[in-house]
Amino acid sequence: MKNKIFEKYFVLTPYFWLVIFFFIPLAIIFKISISVSEWGMPPYQDLIIFDNGFKFNATLYNYLYILGDIYYYGSFLNSLLLALISTIFCILIGFPIAFYIATSEIKIRNILLILVVIPFWSSFLLRVYAWKIILQNNGILNLLLLKLGIISEPLQLLYNQYAVIMGIVYTYLPLMILPLYGYLNKFDLNLIDASKDLGLNRIKTFFRIILPLSVPGIIAGSLLVFIPVVGEFIIPEMLGGSDRLYYGKILWEEFFVNRNWPGASALAFSGIFVLVLPIIIFQIIYSKWSQRNEI
Amino acid sequence: MNDSFFLKIEGISKSFGALRVLDNINLNISKSEFFGLLGASGSGKTTLLRILGGFEKPDSGKIFLDGHDITNLESFERPLNYMFQSYALFPHLNVYNNLAFGIKDHFNNLDIKDKVNKISKLLSIENLLERRIRQLSGGEQQRVALGRCLIKEPKLLLLDEPLAALDKKLRSKTQLELTSLQKKLGITFIFVTHDQEEAMSLSDKMAIMKDGKIIEHSDPETIYENPKNEYTANFVGIANILKISKNINSYFSDELGIQISLNNNVENNNFKILIRPEKIKITSMANNVENPSNSFKGKILEKSYLGSFTLYEVIRKNKIITVLDQNYSNDKNFNFPLGTEVLCRWTKESIKLLED
């Protein structure tokens with residue numbers, strides 16, 4: 002009997018974890034997002050005021066404010082676009098790498114996998130900073146191009162959206178390669194030979210056999226890249242210029258510079274809403290599709 | 030002069046790193062032949078099949094199919110098909126689409142449907158067309174894999190261990206079906222196996238491979254009854270091999286300490302002979318005496334009773350001879366108990382000379 006109770010609560014542990022560290026903070030953020038901001042500490046008014054009775058002091062102002070100002074929703078769209086482009090580049094670069102690793106000999110395979118994972122052993126901040134050193138006006142790349150006589154004056158490589166995309170693709174690529182490798186590793190290479198034997202050339206074989214069977218891996222990798230990139234703050238901050246504003250930076254500024262906690266919370270909460278809702282819908286459609294296709 | 034052969038393999042060699050997997054393979058195969066490549070694992074048989082399929086490139090040599098040089102053709106350009114040991118069916122497609130996979134780009138939907146129906150009827154899988162690959166049994170998967178190849182009407186079908194993934198009972202049934210199918214369609218089949226019984230029962234002609242070489246190439250009867258070398262004799266069936274030494278015009282087996290009489294004269298002073306277990310007659314000592322040649326007295330060391338026959342291991346000096354005794358008797362006590370002294374004898378005609 003005692004054991005039964007223990008088992009019951011043991012199984013519930015992850016749920017307690019989720020409630021304490023996910024749902025409660027989420028609820029707090031939601032609460033702040035519908036509060037009225039003011040100067041003070043904390044910088045928002047109470048949600049329920051007991052002043053000569055009972056007053057519910059909630060507002061949708063923060064949300065309407067975001068929707069009404071291109072500065073906010075525009076930066077959010079910028080981030081979505083950035084995440085989309087980065088994910089596509091990660092797929093295009095990551096797929097051949099993952100496929101190559103999955104089809105190489107076991108000895109080489111492990112070395113290649115370690116090479117993919119090695120960047121994780123150094124600080125994320127350092128890796129981004131390293132790109133800054135490479136790309137800056139008197140950086141290695143510009144010096145090299147100058148020495149080779151390809152350019153006559155340093156190129157402005159840093160502080161633009163291309164540097165941001167490059168930095169993101171570089172740092173997030175392993176998150177695409179690893180789940181893809183996991184799927185491609187299980188791939189029966191005979192299927193490729195079988196397709197060729199049945200008369201399909203390499204391109205047709207890729208689109209009819211390899212690609213359809215890698216869809217789950219591509220989706221897993223894309224989610225791992227897309228979601229964090231939308232909220233990415235450090236890379237646009239360090240490599241990006243003032244030409245484009247991104248969601249992560251706006252959120253940070255709203256919170257720490259403007260001290261507008263309700264506004265920042267509303268931004269954060271609508272971010273979650275916009276990201277999570279399509280993913281849930283997508284997952285439902287995809288699981289039905291994959292059940293039908295037995296992948 | 031060899032132009033009448035349907036498939037000609039000329040001097041194919043292949044190495045993987047330092048390992049020479051195929052060593053100057055020459056082989057001619059006639060049209061509509063059911064050809065078996067038999068060999069132990071590592072003999073190079075699968076590599077040869079994969080080279081024919083176009084999945085590996087040979088280091089040297091040429092392959093001619095129906096008079097055309099196909100050595101440098103990609104696998105998708107070759108007018109032949111390959112059935113994989115694992116079947117390699119496409120898991121994301123149903124049976125219909127697996128069958129139609131190779132013809133989809135070449136015919137309209139109506140013709141495809143027609144062809145799929147025809148082939149599925151031939152293989153009696155017409156009720157499985159909507160099924161997923163995972164929902165099929167091993168035998169059904171094998172039929173789909175076969176159908177996926179045959180629907181392309183190949184000139185040549187290559188089969189890698191076609192029956193290895195099936196359980197024993199299904200295997201013998203499928204064996205018969207495969208033979209009758211091949212005869213009906215008249216397509217040349219080449220299959221690879223490590224199972225000598227399978228090779229014997231399926232093949233019209235077969236080749237034995239060892240260390241990347243073809244060491245024997247003939248029909249199953251010749252290979253069993255009259256093998257050229259000791260390896261083949263041992264690989265196909267059970268073999269009793271005796272070392273013979275010549276003394277003037279008589280021959281002796283020093284291992285058994287008896288005289289051997291042969292049908293023909295042999296030039297060599299030392300050579301080996303083969304006697305198959307079923308050619309040896311085993312009788313009790315009671316009413317028989319040892320002949321001057323081709324017979325010996327021995328003790329029964331081991332026996333395994335297998336119903337229709339019994340396998341005995343008879344020992345004389347330190348040499349063990351295997352004897353197969355067909356169960357003709359109606360008396361259940363016909364079996365010799367272990368340790369019994371028995372007389373074994375054979376005729377001159379049942380002795381086969383081995384070349385090496």
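Chain order of the listed sequences is A and B. The first sequence begins at 2 in the numbering used here and counts up one residue at a time. The second sequence begins at 30 in the numbering used here and counts up one residue at a time. Note that the Cβ used here is the ideal one computed from N, Cα and C, for glycine as well.
- Are the region 227-239 of chain A and the region 269-286 of chain A in contact at 8 Å, needing three or more beta carbon pairs? By the Cβ criterion, the region 227-239 of chain A is in contact with the region 269-286 of chain A, since at least three pairs of Cβ atoms, one from each stretch, lie closer than 8 Å.
Cβ-Cβ distance between A/LEU142 and A/ILE151 below 8 Å:
Inclusion of A/LEU142 and A/ILE151 in the CB contact set at 8 Å is not warranted, their separation being larger than that value.
Along chain A, in chain order, which residues have C-beta atoms closer than 9 Å to that of B/SER115? ASP189 and ASN191, listed in chain order.
Original post:
With a cut-off of 8 Å, does the C-beta of A/PRO213 fall near any C-beta of chain B?
Top reply: Closer than 8 Å to the CB of A/PRO213 there is at least one CB belonging to chain B.
Closer than 8 Å, CB to CB, is A/LYS197 near chain B or not? Yes - at least one Cβ of chain B is within 8 Å of the one on A/LYS197.
- Query: In chain A, what lies closer than 7 Å to B/TYR111 by C-beta?
  - Reply: In chain order: ASP198.
Margin query: Quick check on the DSSP output: the beta strand (DSSP E) that includes B/LEU66 runs from which residue to which?
Written below: For B/LEU66, the enclosing beta strand (DSSP E) has its first and last residue at 63-68.
inquiry  = Please state the DSSP three-state secondary structure of B/LYS310.
reply    = Here B/LYS310 sits in strand by DSSP.
(message) Please tell me whether A/GLY241 and A/ALA164 are closer than 8 Å, where the distance is taken between their beta carbons.
(response) Taking 8 Å as the Cβ cut-off, A/GLY241 and A/ALA164 qualify as a contacting pair.
query: Which word fits B/ASP134, buried or exposed, when buried means at least 16 other C-beta atoms lie within 10 angstroms of its C-beta?
result: Exposed is the call here.
Checklist line | Span of the alpha helix (DSSP H) around B/ILE162 | finding: No alpha helix (DSSP H) holds B/ILE162; DSSP gives it neither H nor E.
- [ ] Verify whether the separation of the beta carbon atoms of B/LEU67 and B/LEU51 is less than 8 Å.
- [x] Judged by beta-carbon spacing, B/LEU51 lies beyond the 8 Å limit of B/LEU67, meaning their Cβ atoms are not closer than that value.
Exposed or buried, what is A/ILE102 when buried is set at 16 or more other beta-carbons lying within 10 Å of its beta-carbon? By the 16-neighbour rule on beta-carbons within 10 angstroms, A/ILE102 is buried.
Check: Is B/ALA47 close to chain A, meaning its C-beta is less than 8 Å from at least one C-beta of that chain?
Finding: With its beta carbon at least 8 Å from every one in chain A, B/ALA47 lies outside the interface.
In chain order, what residues of the same chain lie with their CB nearer than 7 Å to the CB of B/ASN31, ignoring the 5 residues before and after it? A caution first: B/ASN31 carries a pLDDT of 47, below 50, which makes its placement in the model unreliable, though a value can still be read off. Cβ neighbours of B/ASN31 beyond the five flanking positions: LYS37 and ASN57.
- List in chain order: all unbroken beta strand (DSSP E) runs of 3+ residues lying wholly within the region 109-164 of chain A. Counting only unbroken stretches of 3 or more residues, no beta strand (DSSP E) element lies wholly within the region 109-164 of chain A.
### B/LEU207 versus B/GLY131 - alpha carbon distance
If I take the Cα positions, the gap works out to 21 Å.
Interfacial residues, the region 71-91 of chain B to chain A, with Cβ spacing under 7 Å:
So the list reads GLY82 and PHE84, given in the order they occur along the chain.
Quick check on A/GLU8: does DSSP put it in helix, strand or coil? A/GLU8 falls in the helix class under three-state DSSP.
Fill in: Residues bridged to A/LEU65 [DSSP beta-bridge criterion]
None, per the DSSP bridge assignment.
State the CB to CB distance for the pair A/TYR287 and A/ILE220, rounded to an integer number of angstroms; the pair is presumed to be in contact (CB under 8 Å).
A/TYR287 to A/ILE220, Cβ: 7 Å. Contact.
I want to verify the contact list: residues of chain A whose CB lies under 9 Å from the CB of B/PHE105, in sequence order.
Here the neighbours are SER196, LYS197, ASP198, LEU199, GLY200, LEU201, ASN202, ARG203, LYS205 and THR206.
* Asked: With burial defined as no fewer than 16 other Cβ atoms inside 10 Å of the residue's Cβ, what is the status of B/ASN101: buried or exposed?
  -> The residue in question, B/ASN101, is exposed, as its Cβ has fewer than 16 Cβ neighbours within 10 Å.
Which residue from B/SER313, B/THR376 and B/LYS348 puts its Cα closest to that of B/CYS369? Position check: residue 369 of chain B holds Thr in this sequence, whereas Cys was assumed. Residue B/SER313 is the option with its Cα nearest to B/THR369.
Stretch-stretch touch, CB-based, cutoff 8 Å, three pairs: the region 299-313 of chain B with the region 268-276 of chain B: The region 299-313 of chain B is in contact with the region 268-276 of chain B.
Quiz item: Quick one: does B/PHE338 have its CB under 8 Å from some CB of chain A?
Solution: It does not: the Cβ of B/PHE338 has no partner Cβ on chain A nearer than 8 Å.
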